[in-house]
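Data first, discussion second: the structure below is written as structure tokens.
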Amino acid sequence: MGERFGFWRRARLPGSRHWLSYVYAAIGALLLLAGFLLLYPIRHVDNFATELRISIGSNMLDLVLAVLVLQPLVLSLNRNAVKWRNRLDYREVIRRIERSTDQVDIWKYWTGLLEPRLERTFALAVRAALERGVHFRIMLTDPSCPDAAERARQVSPTDAVALMRQNIEQLDAIVHDLPPRSAELFRVRISSAGPAHAMYRVDDWLSYGLFRDRRVSENYQREVRVRGDLGGLALEAFDNRWNGTGLQTITEHYRMCLRFTVPDAVVEHELPYVVHDGEHWVNVNPVALPHAFHPDHEVSVCGDGRQRYALAEAGAQTQERVSDLYAAKYGPDQGAVLLRLISR
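Everything in the sequence shown is counted per numbering that gives the first Met the number 0, starting at 0 for the first residue and increasing by one.
Shown next, in the form of structure tokens:
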């Protein structure tokens with residue numbers, strides 16, 4: 000019975016786009032009929048016409064006041080209402096994603112949604128939402144950037160850098176498991192700068208919090224509507240950063256392609272790298288070792304052969320700093336051989 004009813008309801012919807020207007024028209028007609036039936040028997044009462052005109056006029060004034068003044072005021076207050084929460088409820092965010100129909104945006108250093116206790120539930124909710132055509136934009140922070148180190152200092156002893164790295168690894172695994180159509184809807188960007196504020200947006204609901212000396216999810220949260228003033232400002236900041244510079248896909252975050260030219264060969268390698276003081280340092284171990292240490296080598300970035308580079312070692316102090324950044328981005332690697340990319 001339920002299945003037959005559900006089928007009937009789905010079949011009726013395409014031809015019933017204006018059903019709500021029909022309902023309002025029917026209610027209006029019934030009210031007019033009821034008013035006529037109530038007033039008709041007393042039409043001969045003294046001053047009936049005068050009282051009727053006064054009543055109709057006052058009701059029309061009330062209607063104008065309600066439509067032009069009170070309704071916009073109530074709608075504005077509703078759009079700009081702010082709900083304060085003591086902390087962020089990750090499970091509530093997941094429940095909202097399970098019911099989402101349009102858009103999900105996340106802007107964090109790292110998100111607890113990808114920590115072990117919630118990762119599986121979050122991944123299932125994401126896959127179900129993608130099947131409904133929901134768009135995802137997730138923007139996390141490069142664990143090797145200066146802002147990441149500063150945030151890790153603020154929330155110590157929480158190992159924020161490790162959590163950022165693990166988040167990106169888990170998102171990479173999710174992306175690789177998605178079918179092509181869903182992968183187009185699930186976009187992830189890695190930022191070289193920390194976010195202006197922590198933000199979760201699901202359809203018209205948006206929650207944001209400010210960064211302090213502990214995890215944002217443990218601080219006060221503001222819940223607002225995206226279509227309101229505060230929600231619009233928060234989303235505008237997200238959009239500006241999403242469309243700005245310094246963002247990378249996960250693939251670009253993990254690897255850079257270099258073309259090595261030596262007297263007897265031209266080869267390309269996808270190498271892990273980090274950025275220190277605006278310079279790129281690549282790990283040439285093990286695949287690129289013979290070419291990187293060839294005395295006559297030249298290097299160019301794949302797809303851009305105009306600029307030529309060479310690879311060089313650095314002093315012990317700089318090398319130690321670069322190794323720390325590399326470990327923040329990829330995890331400890333005792334065998335990494337990091338060389339600096341310098342212009343020729």
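Where is the CB? At the ideal position from N, CA and C, for every residue including glycine. Here the structure is a predicted model, which means the values were calculated and not measured.
Taking DSSP as the reference, what is the three-state secondary structure of residue i?
i	result
Val-92	helix
Lys-328	helix
Phe-210	coil
Glu-222	strand
Arg-200	strand
Gln-169	helix
Gln-333	coil
Val-160	helix
Leu-19	helix
Leu-87	coil
Thr-317	helix
Leu-177	coil
Thr-260	strand
Ser-322	helix
Report the residue from the options whose alpha carbon sits nearest the alpha carbon of residue i.
i	options	result
Asn-282	Lys-107, Ala-326, Asp-263, Gly-302	Ala-326
Leu-117	Glu-91, His-296, Asp-176	Glu-91
Ala-291	Gly-334, Ala-48, Arg-305, Val-266	Val-266
Asp-202	Ile-93, Pro-271, Val-154	Ile-93
Asp-212	Gln-153, Asp-228, Phe-259	Gln-153
Asp-332	Trp-83, Tyr-207, Ala-264, Pro-285	Pro-285
In the DSSP assignment, find the unbroken alpha helix (DSSP H) run with residue i in it and report its ends.
i	result
Thr-120	115-130
His-296	Here His-296 belongs to no alpha helix (DSSP H), and DSSP marks it neither H nor E.
Ile-41	Looking at the DSSP string, Ile-41 is not in any alpha helix (DSSP H), and its letter there is neither H nor E.
Thr-250	249-253
Val-154	145-154
Pro-289	288-291
Does the distance from the CB of residue i to the CB of residue j come in under 8 Å?
i	j	result
Ile-189	Ile-105	no
Ala-311	Leu-338	yes
Ala-236	Ala-197	no
Leu-184	Leu-123	no
Leu-205	Ala-233	yes
Leu-113	Leu-170	yes
Glu-217	Arg-86	yes
His-293	Val-261	yes
His-309	Val-298	The sequence given here has Ala at residue 309, not His. Cβ distance < 8 Å, so Ala-309 and Val-298 count as in contact.
Ala-147	Thr-140	yes
Arg-226	Gly-193	no
Met-138	Arg-305	no
Arg-307	Arg-343	yes
Val-273	Ser-143	yes
His-268	Ala-287	yes
Ser-191	Gly-245	yes
Tyr-329	Pro-289	no
Return the first residue and the last residue of the beta strand (DSSP E) that residue i is part of.
i	result
Asn-344	The requested residue 344 does not occur in the structure, where the chain is confined to residues 0 to 343.
Arg-188	185-190
Asp-303	303-311
Arg-339	337-342
Leu-270	264-270
Leu-229	Careful: Leu-229 lies outside any beta strand (DSSP E), inside the alpha helix (DSSP H) at 228-241.
Leu-139	134-140
Asp-101	It is not in any beta strand (DSSP E) - Asp-101 carries neither H nor E in the DSSP assignment.
For a test of your reading of the model: does the CB of residue i fall under 7 Å from any non-hydrogen atom of the ligand HEM? Yes or no.
i	result
Thr-140	For the ligand HEM, the structure offers nothing, since it holds no ligand at all.
Pairs of beta-carbons, one from the stretch 155-162 and one from the stretch 221-234, closer than 8 Å: are there three or more? No: the two stretches stay apart, fewer than three of their Cβ pairs being nearer than 8 Å.
Report yes or no: do the stretch 92-111 and the stretch 127-146 share at least 3 C-beta pairs separated by less than 8 Å? Contact holds: three or more Cβ-Cβ distances are below 8 Å.
Below 8 Å, how does it come out for the stretch 164-171 and the stretch 107-124: are there three or more Cβ pairs, yes or no? A contact exists between the stretch 164-171 and the stretch 107-124.
Give a yes or no on contact between the stretch 268-281 and the stretch 251-259, applying the rule of three or more CB pairs nearer than 8 Å. By the C-beta criterion, the stretch 268-281 is judged to be in contact with the stretch 251-259, since at least 3 inter-stretch pairs fall below 8 Å.
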